[in-house]
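One structure below.
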Amino acid sequence: MVLGALEAGGTKMVCAIGNENGKIIEQVKFPTTTPEETMPPIIEYFKKHDVDAIGIACFGPIDLNTDSDTYGYILNTPKLAWKNYNIVGAVKDELHIPVGFDTDVNGSMLGEATWGCAKGLTDAIYITVGTGIGGGVLSGGKLQHGMLHPELGHILMVPGKGDNYKGKCPYHGTCFEGMAAGPAIEERWGTKAEQLVDKSEVWELEAYYIAQAIVNYIMILSPQKIILGGGVMHQLQLFPLIRQKVKELMAGYIETSELKDIDNYICPASLNDDQGIMGAIKLAIDAFNK
Ligand code: ADP
Ligand code: ZN
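Mapping to our numbering: the sequence shown position 205 is 193, numbers consecutive.
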């Protein structure tokens, strides 16, 4: 079986050919500009490889409700050229093969659950902290959709002590993404996150916001594992700070074997930044087998 995988992001489109074992056989990237410009080479690429099914892990918000008239559409995105664009339809109309579709972060969650550190678990979350913040949720063995799909990056935050930053989210100001995504770090401290490595106060505050979000997710979703990925999480010094702050904020209210083993409970993504594209391969497999 030849599987096509598309990780559709706001800045780039990663296309890959993979097999049933999640092996990426080859991979290309195209910049995300407009659908008119970006989609034809992607479709050509998958045609050339004669793929049997495609999985798309897509930036959102997107319509995942298969009963909806706008299933497969990108919805109210700030990337205006892509607003109300039928990305699943565009691929299906040209290739006439099964197409799997989910959010980019659910894709990463699925990659980790199938081939990574969440293998065998039924309940886990994958959070990305990058240009934005988002999260995929595996709940009872299934990727959580619900009314739309979870938006773990836009939960409301209690500001850290002395942090008067107004927040960067155009909708909520000081939500999690508004306070802790890469662009918020850059605006608050006046320097790109990658160049703030030696400033401990940056990472203390960042860890506080991430820990606060995680505690809320633990209380609401009861995940068996929490996986953190995205550019900002390449700052590995964040992990011990986050774990410590999660413990403090939990205040001993929940005691489980998972929480006792917190180094494994709150962990970095395990698939070398390929979790998203590998998740898209799994979406293709599931679409093919449906
Ligand atoms: P995207 O979210 O666009 O897919 P990334 O996950 O790489 O891409 O996120 C980009 C953001 O992460 C930028 O704001 C950048 O400043 C920040 N970032 C990228 N790499 C690092 C790093 N090594 N350390 C800290 N921040 C980083
Ligand atoms: Zn927000």
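Just so you know, even glycine gets a beta-carbon here, dropped at the ideal spot from N, CA and C.
Assigned with DSSP and collapsed to three states, V76 falls in helix. Nearest C-alpha to I115 among C157, G95, F276, K130: G95. Residue I121 holds the alpha-carbon nearest to the alpha-carbon of I173 among I75, L140, I121. In the DSSP annotation of this structure, the continuous segment of the beta strand (DSSP E) that includes S127 starts and ends at 121 to 127. Annotation for Y153 indicates a beta carbon at 7 Å or more from all heavy atoms of ligand 2.
Distances from the CA of K130 to each of T65, D38, L209 were compared; the closest alpha carbon is that of L209. Here the alpha carbons of L83 and D40 stand approximately 9 Å from one another. Here the C-alpha atom of G(-8) lies approximately 25 Å from the C-alpha atom of G118. If you draw a straight line from the Cα of T244 to the Cα of E192, it comes to about 26 Å.
Counting only the Cα atoms, Q132 lies some 12 Å from N53. Pairwise C-beta distances place the segment 61 to 75 out of contact with the segment 30 to 38, as fewer than three of them are shorter than 8 Å. The straight-line gap separating the alpha-carbon atoms of L216 and K248 is approximately 18 Å. For I265, the enclosing alpha helix (DSSP H) starts and ends at 263 to 277. F47 has its alpha-carbon roughly 5 Å from the corresponding atom of G(-3). If you look at D251, you'll find it in the alpha helix (DSSP H) that goes 250 to 253. Of the heavy atoms belonging to ligand 2, at least one sits nearer than 7 Å to the Cβ of H160. With a 10 Å radius around the Cβ and a threshold of 16 neighbouring Cβ atoms, A239 comes out exposed. Between I265 and A4, the beta carbon gap of about 5 Å places them in contact (Cβ cut-off 8 Å). Judged by DSSP secondary structure, A45 falls within the beta strand (DSSP E) whose first and last residues are 41 to 46. No Cβ-Cβ contact shorter than 8 Å links K213 with A45.
Under the DSSP assignment, I113 falls outside any alpha helix (DSSP H), being part of the beta strand (DSSP E) whose first and last residues are 112 to 117. Residue pairing by DSSP places A(-4) opposite M1, C46 in a beta bridge.
Judged by their CB atoms, Y196 and K233 are nearer to each other than the 8 Å cut-off. The segment 147 to 163 makes no contact with the segment 70 to 80; the number of CB pairs closer than 8 Å stays below 3.
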